[in-house]
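Protein chains: 2
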Amino acid sequence: MRALPYERRRELPLTKPPVPPEKPATRPQVRDARTTKSRILAAAKKEFAKKGLGGARVDEIAEKAQANKRMIYHYFGSKEALFQAVLEEAYVDIRSAEQKLDLDGLEPKAALERLVRFTWDYYLKNPEFITLVNSENLHRAKHLKKSEIVKVYSRRFVAMVSAILDRGVAAGVFRADIDPVQLNITIAAIGYYYLTNRFTGSIVFETDLMAKEALEQRLNFNIDTVLRLVLRP
Amino acid sequence: MRALPYERRRELPLTKPPVPPEKPATRPQVRDARTTKSRILAAAKKEFAKKGLGGARVDEIAEKAQANKRMIYHYFGSKEALFQAVLEEAYVDIRSAEQKLDLDGLEPKAALERLVRFTWDYYLKNPEFITLVNSENLHRAKHLKKSEIVKVYSRRFVAMVSAILDRGVAAGVFRADIDPVQLNITIAAIGYYYLTNRFTGSIVFETDLMAKEALEQRLNFNIDTVLRLVLRP
DNA sequence: ACAATAAGTAACCGTATAGTTAAACCACCC
DNA sequence: GGGTGGTTTAACTATACGGTTACTTATTGT
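In the order they appear, the protein sequences are chains Y and W. Numbering-wise, my numbering puts 226 at position 226 of the first sequence, and it's gapless, one number per residue. Just add 1000 to the spot in the second sequence (first one is 1) and you have my numbering.
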């Protein structure tokens, strides 16, 4: 039930407001579509990562982006579409970083170790990635399903690990019956689980899982786990 | 600012409402504190698991529990306190089930395999546990921190796995330098990650991770991973 | 038998939420 | 130098939210 005419609103400031009290001072550029859009995306990433899709507030994203809320709807259409954009960017970022590792230029064993190390470091330095993925899985991946670009990048990623595995088998250093998908999942799992559950984990195991030595110990343990799994006895 | 006197409300039905249209018919017992409370707890578990703490709605929990919303506040005090009760119960449940495995009565290797198998099966059959833990970690474990009972159960759990490890080392079948905490985390990780990320994972790897054969393959892979990690070469 | 108490209800409150509206602003082209 | 069209704004809407109030009804101890 739309009740009141909209004209009424603009009647109010008959006398102009005394003085535009002071400009927010931050955000030097005016009228820059590109940077506004990317400020929104960055703020949204932070908020969605911290509170999840359901917990994040559009108003707060707008405020942190130093943009008007209307801009979010202008550039992205809806809260969910914004979430999808954030998620897509997060996936493209990690997959791109993986491609830059130049694993083809390394011995199979060294390449594998490097991948385990990279995965761990990436999760550690980009904790938003983990939280975003968790949130997306809570929603049964309905946003990722729509993303064609993520599928393209994923394919390249799986191929990359398969190639290492093949080279290792050919060189006689890796076992022949390792499934690349299972290996990929395991490499991610042993880092991801530790970090995403670092809060409950620290309570259950009565130790600070984020202490420097604890993190080092975990990385070494993970490398050991993967190599024992893959290397020929 | 509480404005209106509450009397006004009861004035309204001067003529009694024609007929109490019909009782909801479900919920046979009247005035049973215990079952009402547990219905609320069960409904809350489902809702929190499906939507997370932020996404779950108190009204909906009340409705699904066939209870009045006021009862939730009567028995639990607040939405967060309700969440804490749900979480506590979930942890006590899994830790209790683990204690019933009678791992002390098995050979070390068999005990370890049984634990990996149990962990996997438990996650598979109780997917709410995973989602609740994820939600709690999004909130930096602020609810679990307050739970003394969970700490007691956790200690017993770690001790149980340490005992297996010790027996295995004494029997000469396990490597001596395995950290029980790292092992615990890894056993959980390789199952947990696969299942919590089954939606995004099915897209990234372009395969149905929840297909029967896929699940079997994963369990076998996980047992293999743990045994290769722990067994003496 | 009955008062005290525990269990239960529906209507309500103040606030916050995602999303919308009409208008103003500004850079650029002609 | 005035239109044109993308960019930005504050004010607004309908609804949903967690939590509370005033009040009713069943159960229980004496």
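Each residue gets a CB set at the ideal place from its N, CA and C atoms; glycine is no exception.
field: Reduced DSSP category for phenylalanine 174 of chain Y - H, G, I as helix; E, B as strand; rest coil
entry: Within the first sequence, residue 174 of chain Y is the residue found at index 174, counting from 1. The three-state secondary structure of phenylalanine 174 of chain Y, taken from DSSP, is strand.
task: Rounded to whole angstroms, what's the CA-CA distance from glutamate 47 of chain Y to alanine 1056 of chain W? Just pull it up for me.
output: The residue labelled residue 47 of chain Y in the question sits at position 47 within the first sequence. The residue labelled residue 1056 of chain W in the question sits at position 56 within the second sequence. Taking the straight line joining both Cα atoms gives about 19 Å.
- prompt: Taking all protein chains shown into account, do 16 or more other C-beta atoms lie within 10 angstroms of the C-beta of arginine 95 of chain Y, making it buried, or fewer, making it exposed?
  reply: Reading the first sequence from its first residue, position 95 is the one you call residue 95 of chain Y. Per the 10 Å Cβ criterion, buried.
Cβ-based neighbour list, phenylalanine 236 of chain Y, same chain, cut-off 6 Å, excluding 5 preceding and 5 following: Because chain Y spans 1 through 233 in this model, residue 236 of chain Y falls outside it and cannot be assessed.
query: Can you name, in chain order, every residue of its own chain whose Cβ lies under 7 Å from the Cβ of isoleucine 268 of chain Y, other than the five neighbours on each side?
result: Only positions 1 to 233 of chain Y appear in the structure, and residue 268 of chain Y is not among them; the question remains open.
message: glycine 201 of chain Y and asparagine 222 of chain Y - do their beta-carbons sit closer together than 8 Å?
response: Along the first sequence, read from residue 1 onward, the residue named residue 222 of chain Y stands at position 222. Along the first sequence, read from residue 1 onward, the residue named residue 201 of chain Y stands at position 201. Going by C-beta atoms, asparagine 222 of chain Y is not nearer than 8 Å to glycine 201 of chain Y.
query: Using a Cβ-Cβ distance under 8 Å, would alanine 1081 of chain W count as near chain Y?
result: Working through the second sequence from its first residue, we reach residue 1081 of chain W at position 81. At a cut-off of 8 Å between beta-carbon atoms, alanine 1081 of chain W makes no contact with chain Y.
query: Do the CB positions of asparagine 1126 of chain W and threonine 196 of chain Y come within less than 8 Å of each other?
result: In the second sequence, the residue the question calls residue 1126 of chain W occupies position 126. In the first sequence, the residue the question calls residue 196 of chain Y occupies position 196. Their beta carbons are not under 8 Å apart, which means asparagine 1126 of chain W does not touch threonine 196 of chain Y by this criterion.
- prompt: List, in order along the chain, the chain Y residues whose C-beta lies closer than 8 Å to that of proline 1233 of chain W?
  reply: Here residue 1233 of chain W is taken as the residue at index 233 of the second sequence, counted from 1. The contacting residues are Pro233.
message: So that I know if they touch, is there some Cβ in chain W lying closer than 8 Å to that of lysine 23 of chain Y?
response: Taking the first residue of the first sequence as position 1, residue 23 of chain Y is located at position 23. Per-residue confidence for lysine 23 of chain Y stands at a pLDDT of 33, beneath the threshold of 50, marking its modelled position as unreliable; the derived number appears in the next sentence. Closer than 8 Å: no.
- prompt: Helix, strand or coil: how does DSSP classify leucine 1209 of chain W here?
  reply: As a working note, residue 1209 of chain W is residue 209 in the second sequence. Judged by DSSP in its simplified three-state form, leucine 1209 of chain W adopts coil rather than helix or strand.
- prompt: Leaving out the 5 sequence neighbours to the left and right, which residues in its chain are closer than 7 Å to leucine 976 of chain W when beta-carbon positions are compared?
  reply: It is not possible to answer for residue 976 of chain W, since the shown part of chain W is limited to 1001 through 1233.
task: Indicate whether phenylalanine 199 of chain Y and arginine 1155 of chain W have their beta-carbon atoms separated by less than 8 Å.
output: For this step, residue 199 of chain Y is matched to residue 199 along the first sequence. For this step, residue 1155 of chain W is matched to residue 155 along the second sequence. Taking 8 Å as the Cβ cut-off, phenylalanine 199 of chain Y and arginine 1155 of chain W do not qualify as a contacting pair.
- request: Report the rounded CA-to-CA distance for leucine 1219 of chain W versus leucine 1132 of chain W, giving the unit in angstroms.
  value: In the second sequence, residue 1219 of chain W corresponds to position 219, counting from 1. In the second sequence, residue 1132 of chain W corresponds to position 132, counting from 1. When rounded, the distance between both Cα atoms is 23 Å.
Rounded separation between tryptophan 1120 of chain W and histidine 1143 of chain W - CA only: Position 120 of the second sequence, counted from the start, is the residue given in the question as residue 1120 of chain W. Position 143 of the second sequence, counted from the start, is the residue given in the question as residue 1143 of chain W. If I take the Cα positions, the gap works out to 25 Å.
- prompt: Using a Cβ-Cβ cut-off of 8 Å (strictly less than) and excluding sequence neighbours within five positions of phenylalanine 1118 of chain W, which residues of its own chain qualify?
  reply: In the second sequence, residue 1118 of chain W corresponds to position 118, counting from 1. Cβ neighbours of phenylalanine 1118 of chain W within its own chain (closer than 8 Å, five residues either side excluded): Ala1097, Glu1098 and Leu1101.
field: Buried or exposed (CB count within 10 angstroms, at least 16 for buried), glutamine 66 of chain Y
entry: Position 66 of the first sequence, counted from the first residue, corresponds to residue 66 of chain Y. Exposed, by the Cβ-count rule.
message: Are the CB atoms of valine 150 of chain Y and glutamate 88 of chain Y within a distance shorter than 8 Å?
response: Sequence index remark: in the first sequence, residue 88 of chain Y carries index 88 (1-based). Sequence index remark: in the first sequence, residue 150 of chain Y carries index 150 (1-based). Going by C-beta atoms, glutamate 88 of chain Y is nearer than 8 Å to valine 150 of chain Y.
- prompt: What does a CB cutoff of less than 6 Å around aspartate 1093 of chain W pick up in its chain, not counting 5 residues either side in sequence?
  reply: Taking the first residue of the second sequence as 1, we reach residue 1093 of chain W at position 93. Cβ neighbours of aspartate 1093 of chain W beyond the five flanking positions: none.
task: Determine which residues of the region 1168-1202 of chain W have a Cβ less than 8 Å from any Cβ of chain Y, and write them out in chain order.
output: From the region 1168-1202 of chain W, only Asp1179, Val1181, Gln1182, Asn1184, Ile1185, Thr1186, Ala1188, Ala1189, Ile1190, Tyr1192, Tyr1193, Tyr1194, Thr1196, Asn1197, Arg1198, Phe1199, Thr1200, Gly1201 and Ser1202 have a Cβ closer than 8 Å to chain Y.
- request: Below 7 Å between beta carbons is the criterion; list the residues of the region 121-146 of chain Y that meet it against any residue of chain W, in chain order.
  value: Contacts with chain W (Cβ-Cβ distance below 7 Å) from the region 121-146 of chain Y involve Thr131, Val133, Asn134, Glu136, Asn137, Leu138, Arg140, Ala141, Leu144 and Lys145, listed in chain order.
Beta-carbon neighbours of lysine 1151 of chain W, restricted to chain Y and to distances below 9 Å: Taking the second sequence and counting its residues from 1, the one referred to as residue 1151 of chain W is at position 151. Within chain Y, the residues Ile203, Val204 and Glu206 have their CB atoms less than 9 Å from the CB of lysine 1151 of chain W, given in chain order.
- request: Please state whether DSSP places leucine 215 of chain Y in a helix, a strand or coil.
  value: By 1-based counting over the first sequence, the position of residue 215 of chain Y is 215. Note: leucine 215 of chain Y maps to helix in three-state DSSP.
Contact list for phenylalanine 1221 of chain W against chain Y, beta-carbon separation under 8 Å: Here residue 1221 of chain W is taken as the residue at index 221 of the second sequence, counted from 1. Against phenylalanine 1221 of chain W, the close residues of chain Y are Asp179, Gln182 and Thr186, in the order they occur along the chain (beta-carbon pairs closer than 8 Å).
Buried versus exposed call for asparagine 1134 of chain W [16 or more other C-beta atoms within 10 Å across all chains shown]: For the purposes of this step, residue 1134 of chain W is identified with residue 134 of the second sequence, where counting begins at 1. Classification of asparagine 1134 of chain W: buried, given that the 10 Å Cβ count is 16 or more.
task: Give a yes or no on whether the minimum CB-CB distance between threonine 1295 of chain W and chain Y is below 8 Å.
output: Residue 1295 of chain W lies beyond the residue range present for chain W, which begins at 1001 and ends at 1233; the question has no answer from this structure.
- prompt: Are glycine 1052 of chain W and glycine 54 of chain Y touching if we call contact CB-CB under 8 Å?
  reply: The residue you call residue 1052 of chain W lines up with position 52 of the second sequence. The residue you call residue 54 of chain Y lines up with position 54 of the first sequence. Yes, the Cβ-Cβ distance between glycine 1052 of chain W and glycine 54 of chain Y is below 8 Å.
task: Give the secondary structure of leucine 1231 of chain W by DSSP, where H, G and I count as helix, E and B as strand, and everything else as coil.
output: By 1-based counting over the second sequence, the position of residue 1231 of chain W is 231. Strand, per DSSP.
field: Complete alpha helix (DSSP H) runs within the region 1032-1115 of chain W (minimum length 4 residues, chain order)
entry: If we require 4 residues or more, the alpha helix (DSSP H) runs fully inside the region 1032-1115 of chain W come out as 1033-1055, 1058-1064, 1069-1076 and 1079-1099.
field: 8 Å CB neighbourhood of glutamine 1029 of chain W in its chain, flanking five on each side removed
entry: Along the second sequence, one-based indexing puts residue 1029 of chain W at 29. With a pLDDT of 47 at glutamine 1029 of chain W, under the threshold of 50, the modelled position of that residue is not reliable, and the figure given next carries that caveat. If we look at glutamine 1029 of chain W and ignore the five residues flanking it on each side, its Cβ neighbours are Thr1035.
message: So, with DSSP's three-state summary, where would you put alanine 141 of chain Y?
response: To locate residue 141 of chain Y, count along the first sequence from 1; it is residue 141. Here alanine 141 of chain Y carries a coil assignment [DSSP, helix/strand/coil].
query: Could you check where the alpha helix (DSSP H) with serine 202 of chain Y kicks off and where it finishes?
result: For the purposes of this step, residue 202 of chain Y is taken as the residue at position 202 of the first sequence. Annotation: the continuous alpha helix (DSSP H) that includes serine 202 of chain Y extends over 198-204.
message: Strictly under 8 Å for the Cβ-Cβ distance: is arginine 218 of chain Y near chain W by that measure?
response: The sequence position of residue 218 of chain Y within the first sequence is 218, counting from 1. At least one C-beta of chain W is nearer than 8 Å to the C-beta of arginine 218 of chain Y.
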